[in-house]
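Novice:
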Amino acid sequence: MTIIIRDTTIVTSNPQRELLYNSAIVVDGGEITDIGPTEEMELRYSGCELIQGRGKVIFPGLINCHTHLLATADKGILEDYGFPTTLRFPTTGRGLLDSDESNIFALLACIEAIKSGTTTLLEISSDIFEYAESLNSTGLRLLLAENLTDVDGSRSKQLAGGFRRVGAFKFSEAKRDASLRKGSDLIEAWHGKSEGRILGFVGPHAPETVSPELLKASKLMADDYAVGYTIHLSQSYKEIEIIKDLRGVLPTRYLYDNEFLGDRLVAAHCRHVDSSEITLLGRSQSSISHNSAIGARRGAAAPIRELLSAGCTVG
Ligand SMILES: [Zn+2]
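Right, here's the structure in full:
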């Protein structure tokens with residue numbers, strides 16, 4: 002069925018980034034088939050269903066390139082007490098969710114995304130399998146990355162701040178193998194599903210919680226499946242301190258040394274990268290997820306101009 006949304010403002014993503022006023026957009030079978038002045042479109046496509054768009058704006062769907070949807074269960078805690086929370090809870094809000102509750106909180110996050118005009122999410126989490134079907138049911142475009150780590154200890158302990166001490170970081174081959182298996186199981190099950198609306202991604206967690214072996218294996222998995230991959234990077238001074246102690250270099254250099262950087266990488270945060278790291282990220286054409294809300298809470302932003310001029314894509 003053909004629908005015309007009439008008399009509205011259209012924000013285009015054409016090279017000129019034009020704004021079209023008093024315009025109409027024609028949608029046929031889920032695809033935009035024409036755009037132009039309202040009178041012209043109504044004459045050309047007479048008899049179609051008309052939706053009044055006056056006073057509204059149509060714009061391309063936004064892409065959130067770093068989500069943890071179950072963090073909706075931590076609302077009000079992260080905002081007030083930081084992350085990791087200074088409350089020193091033994092676990093997090095999301096750590097208390099059972100399977101049904103995980104699905105509800107994930108759906109709540111999807112509704113919030115849709116209400117904000119966001120149509121694509123890069124979701125990184127542990128056990129996405131539990132709520133992937135719910136995510137699929139929302140109609141959102143999704144990139145799904147299982148959170149991979151081989152640090153020897155529980156995820157909830159990490160999230161609750163139990164890994165603040167450098168000496169707490171030990172790595173486990175068994176955990177690495179199990180983590181990689183879950184990552185590839187997720188991709189096998191969901192990559193390309195719903196007419197390609199859902200894609201798999203590879204998501205090693207962060208420099209301090211991923212060994213060199215897991216970094217390399219993650220990159221290999223992304224290459225084998227021809228998918229993108231993501232990691233948290235340079236998100237806190239603590240991370241830098243830990244990586245300097247564990248690996249003797251800065252976090253980005255640790256990734257570079259393990260051949261992890263590249264044009265299919267989405268590095269999240271990058272708030273504290275220095276000029277040598279910006280050069281490495283730019284030369285490798287890595288993309289950066291600029292997570293502004295938590296940056297504002299922590300009083301630090303990624304050096305966006307420098308990253309852009311070095312050659313990175315920033316989203
Ligand atoms: Zn994150």
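The sequence shown begins at 2 in our numbering and counts up one residue at a time. All residues carry an ideal CB built from backbone N, CA and C; glycine is no exception.
According to DSSP, which residues form a beta bridge with Leu63?
Specialist: For the purposes of this step, residue 63 is identified with residue 62 of the sequence shown, where counting begins at 1. Per DSSP, Thr119.
Novice: Which class does Phe170 belong to by DSSP, given the choice of helix, strand or coil?
Specialist: Residue numbering aside, residue 170 sits at position 169 when the sequence shown is read from its first letter. In this structure, Phe170 counts as coil in the three-state DSSP scheme.
Novice: Considering just the uninterrupted stretch of the beta strand (DSSP E) at Asn23, what are its terminal residues?
Specialist: For the purposes of this step, residue 23 is taken as residue 22 along the sequence shown, with counting starting at 1. Looking at the DSSP string, the run of the beta strand (DSSP E) that includes Asn23 is Leu20 to Asp29.
Novice: Specify the secondary structure class of Tyr230 as computed by DSSP and reduced to three states.
Specialist: The sequence position of residue 230 within the sequence shown is 229, counting from 1. Residue state, collapsed to three classes: strand.
Novice: Going by the beta-carbon positions, is the gap between Leu145 and Leu187 smaller than 8 Å?
Specialist: Counted from its first residue, the sequence shown places residue 145 at position 144. Counted from its first residue, the sequence shown places residue 187 at position 186. Yes. Within cutoff.
Novice: Terminal residues of the continuous beta strand (DSSP E) containing Ala146?
Specialist: As a working mapping, residue 146 is identified with position 145 in the sequence shown. Start and end: Arg142 to Leu149.
Novice: Indicate the three-state DSSP secondary structure (helix, strand or coil) for Ile241 in the structure shown.
Specialist: Residue numbering aside, residue 241 sits at position 240 when the sequence shown is read from its first letter. Looking at Ile241 - three-state DSSP - the assignment turns out to be helix.
Novice: Could you pull out every residue in the same chain whose Cβ sits closer than 6 Å to the Cβ of Leu109, ignoring the five residues on either side in sequence?
Specialist: Start at 1 with the first residue of the sequence shown, and residue 109 comes out as number 108. So the list reads Thr73, once near-sequence residues are dropped.
Novice: Please indicate yes or no: does the CB of Ala269 lie closer than 7 Å to some heavy atom of ligand 1?
Specialist: Taking the first residue of the sequence shown as position 1, residue 269 is located at position 268. Within the cutoff, so yes.
Novice: Which runs of the beta strand (DSSP E) spanning at least 3 residues fall entirely within the segment 35 to 61, listed in chain order?
Specialist: The segment 35 to 61 contains these whole beta strand (DSSP E) runs: 50 to 53.
Novice: Applying the criterion that 16 or more other CB atoms from any shown protein chain within 10 Å of the CB defines a buried residue, is Ser237 buried or exposed?
Specialist: Position 236 of the sequence shown holds residue 237. Flag for Ser237 reads buried.
Novice: Would you say the segment 303 to 311 touches the segment 90 to 108, given that touching needs at least three Cβ pairs under 8 Å?
Specialist: Taking 8 Å as the limit for Cβ pairs, the verdict is that the segment 90 to 108 does not touch the segment 303 to 311.
Novice: Note down, in chain order, each residue of its chain lying with its Cβ closer than 7 Å to the Cβ of Gln53, except the 5 sequence neighbours on either side.
Specialist: Taking the first residue of the sequence shown as 1, we reach residue 53 at position 52. Same-chain partners within the cutoff: Arg7 and Asp8.
Novice: If you draw a straight line from the C-alpha of Ser14 to the C-alpha of Arg299, how long is it?
Specialist: In the sequence shown, the residue the question calls residue 14 occupies position 13. In the sequence shown, the residue the question calls residue 299 occupies position 298. Distance between the alpha carbons of Ser14 and Arg299 is about 32 Å.
Novice: Does ligand 1 have even one heavy atom less than 7 Å from the beta-carbon of Ile125?
Specialist: Within the sequence shown, the letter at position 124 stands for residue 125. Yes, the Cβ of Ile125 comes within 7 Å of a heavy atom of ligand 1.
Novice: Any idea what DSSP makes of Ile129, helix, strand or coil?
Specialist: In the sequence shown, residue 129 corresponds to position 128, counting from 1. The answer is coil: DSSP assigns Ile129 none of H, G, I, E or B.
Novice: Give the straight-line distance between the Cα atoms of Leu71 and Ile115, rounded to the nearest whole angstrom.
Specialist: Mapped onto the sequence shown, residue 71 falls at position 70. Mapped onto the sequence shown, residue 115 falls at position 114. So the alpha carbons of these two residues sit roughly 16 Å apart.
Novice: For Thr210, which of helix, strand or coil comes out of DSSP?
Specialist: Within the sequence shown, the letter at position 209 stands for residue 210. Three-state result, Thr210: helix.
Novice: Would DSSP call Pro16 helix, strand or coil?
Specialist: Walking along the sequence shown from the start, residue 16 turns up at place 15. Note: Pro16 maps to coil in three-state DSSP.
Novice: Under the assumption that Leu251 contacts Asp275 (Cβ atoms under 8 Å), give the Cβ distance between them as a whole number of angstroms.
Specialist: The count along the sequence shown starts at 1 and reaches residue 251 at position 250. The count along the sequence shown starts at 1 and reaches residue 275 at position 274. Contact holds; Cβ gap of about 7 Å.
Novice: Let's test the definition: count the other Cβ atoms within 10 Å of the Cβ of Ser138 and tell me whether it reaches 16, buried, or not, exposed.
Specialist: Residue 138 sits at position 137 when you count from the first residue of the sequence shown. Per the 10 Å Cβ criterion, exposed.
Novice: Using only alpha-carbon positions, find the residue among Gly184, Thr10, Arg55 and Thr3 that is nearest to Ile33.
Specialist: Along the sequence shown, read from residue 1 onward, the residue named residue 33 stands at position 32. Comparing Cα-Cα distances from Ile33 to each of Gly184, Thr10, Arg55 and Thr3, the minimum goes to Thr3.
Novice: Is the segment 196 to 206 touching the segment 21 to 38, taking contact as three or more C-beta pairs under 8 Å?
Specialist: Counting Cβ pairs under 8 Å, fewer than three are found: no touch.
Novice: When the distance is taken between beta carbons, is Gly184 closer than 8 Å to Leu149?
Specialist: For the purposes of this step, residue 149 is taken as residue 148 along the sequence shown, with counting starting at 1. For the purposes of this step, residue 184 is taken as residue 183 along the sequence shown, with counting starting at 1. Yes, the Cβ-Cβ distance between Leu149 and Gly184 is below 8 Å.
Novice: Helix, strand or coil for Ser157 per DSSP?
Specialist: For the purposes of this step, residue 157 is identified with residue 156 of the sequence shown, where counting begins at 1. Because Ser157 carries a pLDDT of 45, less than 50, the predicted location of this residue cannot be relied on, and the following value inherits that uncertainty. Helix at Ser157.
Novice: Buried or exposed: where does Glu124 fall if 16 or more other Cβ atoms within 10 Å of its Cβ makes it buried?
Specialist: In the sequence shown, the residue the question calls residue 124 occupies position 123. By the neighbour-count rule (16 or more Cβ atoms within 10 Å), Glu124 is buried.
Novice: If I follow the unbroken alpha helix (DSSP H) through Ala269, where does it start and stop?
Specialist: Numbered from its first residue, the sequence shown carries residue 269 at position 268. Here Ala269 belongs to no alpha helix (DSSP H); instead the beta strand (DSSP E) covers Leu266 to His270.
Novice: Between which two residues does the beta strand (DSSP E) carrying Gly316 extend?
Specialist: Start at 1 with the first residue of the sequence shown, and residue 316 comes out as number 315. Gly316 -> no beta strand (DSSP E), and no H or E assigned at all.
Novice: Straight-line CA distance for Asn65 to Tyr46?
Specialist: Sequence index remark: in the sequence shown, residue 65 carries index 64 (1-based). Sequence index remark: in the sequence shown, residue 46 carries index 45 (1-based). About 34 Å.
Novice: Is it the case that the Cβ atoms of Leu63 and Thr10 are separated by a distance below 8 Å?
Specialist: In the sequence shown, residue 63 corresponds to position 62, counting from 1. In the sequence shown, residue 10 corresponds to position 9, counting from 1. Contact flag unset, no.
Novice: Is the Cβ-Cβ distance between Leu266 and Glu209 less than 8 Å?
Specialist: The residue you call residue 266 lines up with position 265 of the sequence shown. The residue you call residue 209 lines up with position 208 of the sequence shown. Their beta carbons are not under 8 Å apart, which means Leu266 does not touch Glu209 by this criterion.
Novice: Just curious, the alpha helix (DSSP H) that Leu309 is in, first and last residue?
Specialist: What you label residue 309 is simply residue 308 of the sequence shown in a count that begins at 1. Segment Ile305 to Ala311, the alpha helix (DSSP H) holding Leu309.
Novice: Three-state secondary structure (DSSP) at Phe202?
Specialist: For the purposes of this step, residue 202 is taken as the residue at position 201 of the sequence shown. Strand at Phe202.
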